[in-house]
Amino acid sequence: MAGTWELGDLTVNRIGFGAMRLTANADGTPSDRDRAIAVLRRAVELGVNHIDTAAFYFSPLRSANELINRALAPYPDDLVITTKVGPGKDPSGAWLPLARPEQLRGQVEENLRQLGRDHLDVVNLRVHGPDSIAERFGALAELRDAGLIRHLGISNVRPRHLAEALAIAPVVCVQNRYGLGANPERHEFLRACGEQGIAFVPFFAIAGEGREAGASGTDDEAVLAVARAHGATAAQVRLAWTLLQGPHVLAIPGTGNPDHLVANVAAGALRLSDDELARLERETPVAF
1 MAGTWELGDL
11 TVNRIGFGAM
21 RLTANADGTP
31 SDRDRAIAVL
41 RRAVELGVNH
51 IDTAAFYFSP
61 LRSANELINR
71 ALAPYPDDLV
81 ITTKVGPGKD
91 PSGAWLPLAR
101 PEQLRGQVEE
111 NLRQLGRDHL
121 DVVNLRVHGP
131 DSIAERFGAL
141 AELRDAGLIR
151 HLGISNVRPR
161 HLAEALAIAP
171 VVCVQNRYGL
181 GANPERHEFL
191 RACGEQGIAF
201 VPFFAIAGEG
211 REAGASGTDD
221 EAVLAVARAH
231 GATAAQVRLA
241 WTLLQGPHVL
251 AIPGTGNPDH
261 LVANVAAGAL
271 RLSDDELARL
281 ERETPVAF
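At position 248 of the sequence shown (counting the first as 1) the number is 248 in UniProt numbering, and the numbers step up by one without a gap.
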């Protein structure tokens, strides 16, 4: 495994699991319920104890939170479930405006109901755009003080959002887009989180710009060459590179495929040489 990190007083293995892909297949058709439940149970068997989810992860027939509840309740003592609030969808799946501060309690309670919990381990405030988050983050801090939330994080944010949040309450994680090919500003933000002891949790660590990198053998040649040298997949190389960016970096790759799950967890043991890291960073185009 790739080691552990502390989310407040909760210890998690650095390779976790993102639940978004449990609800539908890549072509939009509903996922197989039994297979999704089996993937979740297998993840826990493989040592995953950090699952990322959201109430808005649902398709016409599937809800990620309810699949997690069905698969894993009663929950293992060491399992940490992180969810996010802010965005929302109506029953048809259409996006709603971002929740106002007074609406966040309802979103938190919906996650509690779906997961069958009396409190949420970690709640990330998902942000869109540059506007101040103080009022909404303050509303979540009040729910933390009330015992509905144990720890708070923020997602899709800029450095000034983190400073704003820290002035209100402790922040245990920042969940942002990040991966091989990230621009210098994203690298700097990752480093700044580490200096403050805050977990950095990339989403799209495997995905390239607008596509699933490595999924069809169409990845950058540098990634494919390193993968061949290790008998690994391009996705595993991208995950391994991401984890090597700092001990505070947590991966949450998502899949509904049992074989991909095993490969993702195994990426935590992949060791890249300094020369390989340099080649990846030199030859992979900056995309985001």
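Glycine is no exception: its CB is placed at the ideal position from the N, C-alpha and C atoms.
Whole-angstrom distance between residue j and residue i, CA atom to CA atom
| i | j | result |
| --- | --- | --- |
| residue 11 | residue 79 | 9 Å |
| residue 103 | residue 112 | 15 Å |
| residue 138 | residue 145 | 10 Å |
| residue 6 | residue 140 | 21 Å |
| residue 22 | residue 45 | 17 Å |
| residue 163 | residue 261 | 35 Å |
| residue 246 | residue 74 | 33 Å |
| residue 244 | residue 271 | 9 Å |
| residue 274 | residue 242 | 14 Å |
| residue 258 | residue 236 | 15 Å |
| residue 266 | residue 18 | 16 Å |
| residue 115 | residue 65 | 5 Å |
| residue 166 | residue 136 | 13 Å |
| residue 180 | residue 195 | 21 Å |
| residue 212 | residue 186 | Below a pLDDT of 50, predicted positions are generally treated as unreliable, and residue 212, at 44, falls in that range; the measurement from the model is reported next regardless. Near 20 Å, if we compare the C-alpha coordinates of residue 186 and residue 212. |
| residue 108 | residue 81 | 13 Å |
| residue 105 | residue 68 | 21 Å |
| residue 215 | residue 86 | Annotation note: pLDDT 46 at residue 215 (below 50); position unreliable, coordinate value reported separately. Looking at the two C-alpha atoms, the distance is approximately 30 Å. |
| residue 160 | residue 172 | 16 Å |
| residue 234 | residue 224 | 6 Å |
| residue 126 | residue 16 | 19 Å |
| residue 72 | residue 40 | 7 Å |
| residue 207 | residue 20 | 14 Å |
| residue 9 | residue 268 | 23 Å |
| residue 30 | residue 91 | 15 Å |
| residue 279 | residue 227 | 12 Å |
| residue 47 | residue 184 | 33 Å |
| residue 230 | residue 98 | 44 Å |
| residue 62 | residue 26 | 14 Å |
| residue 124 | residue 203 | 13 Å |
| residue 3 | residue 42 | 19 Å |
Bounding residues of the alpha helix (DSSP H) (the contiguous stretch that carries residue i)
| i | result |
| --- | --- |
| residue 326 | A query on residue 326 cannot be resolved here, the shown segment of the chain reaching from 1 to 288 and no further. |
| residue 174 | No alpha helix (DSSP H) contains residue 174, which is instead part of the beta strand (DSSP E) from 173-177. |
| residue 228 | 221-230 |
| residue 37 | 33-45 |
| residue 258 | 258-266 |
| residue 286 | Looking at the DSSP string, residue 286 is not in any alpha helix (DSSP H), and its letter there is neither H nor E. |
| residue 242 | 234-243 |
| residue 161 | 159-166 |
| residue 248 | Per DSSP, residue 248 belongs to no alpha helix (DSSP H) and is neither H nor E. |
| residue 58 | Segment: none, residue 58 is in no alpha helix (DSSP H) and carries neither H nor E. |
| residue 26 | Premise fails: residue 26 is in no alpha helix (DSSP H) and is neither H nor E. |
| residue 253 | Neither: residue 253 is in no alpha helix (DSSP H) and is coded neither H nor E. |
| residue 271 | No alpha helix (DSSP H) contains residue 271, which DSSP labels as neither H nor E. |
| residue 192 | 184-195 |
Nearest candidate by alpha-carbon position, reference residue i, set the options
| i | options | result |
| --- | --- | --- |
| residue 158 | 69, 188 and 205 | 188 |
| residue 83 | 174, 273, 265 and 71 | 174 |
| residue 28 | 13, 100 and 58 | 58 |
| residue 276 | 233, 94, 222 and 268 | 222 |
| residue 155 | 68, 178, 15 and 31 | 178 |
| residue 89 | 110, 70 and 101 | 110 |
| residue 94 | 56, 68, 118 and 85 | 56 |
| residue 263 | 238, 281 and 279 | 238 |
| residue 129 | 176, 123, 122 and 117 | 176 |
| residue 201 | 147, 122 and 278 | 122 |
| residue 197 | 250, 118, 147 and 234 | 250 |
| residue 134 | 118, 120, 169 and 147 | 169 |
| residue 117 | 76, 41, 183 and 92 | 76 |
| residue 248 | 279, 218, 206 and 190 | 190 |
| residue 149 | 131, 132, 142 and 120 | 120 |
| residue 193 | 231, 101, 153 and 229 | 153 |
| residue 24 | 131, 43, 96 and 60 | 60 |
| residue 131 | 100, 151, 147 and 142 | 100 |
Span of the beta strand (DSSP E) around residue i
| i | result |
| --- | --- |
| residue 4 | 4-7 |
| residue 50 | 50-52 |
| residue 11 | 10-13 |
Quiz item: Is there contact between the segment 270-285 and the segment 21-41, where contact requires at least three CB pairs shorter than 8 Å?
Solution: No, the segment 270-285 does not touch the segment 21-41.
Quiz item: Three or more beta-carbon pairs under 8 Å between the segment 46-56 and the segment 250-268, yes or no?
Solution: In the pairwise beta carbon analysis, the segment 46-56 is classified as touching the segment 250-268: at least three pairs are separated by under 8 Å.
Quiz prompt | Runs of beta strand (DSSP E) lying entirely within the segment 71-156, each at least 3 residues, in chain order | solution = Secondary structure in the segment 71-156: the beta strand (DSSP E) runs of 3 residues or longer, each lying completely within the stretch, are 80-85, 120-126 and 149-155 in chain order.
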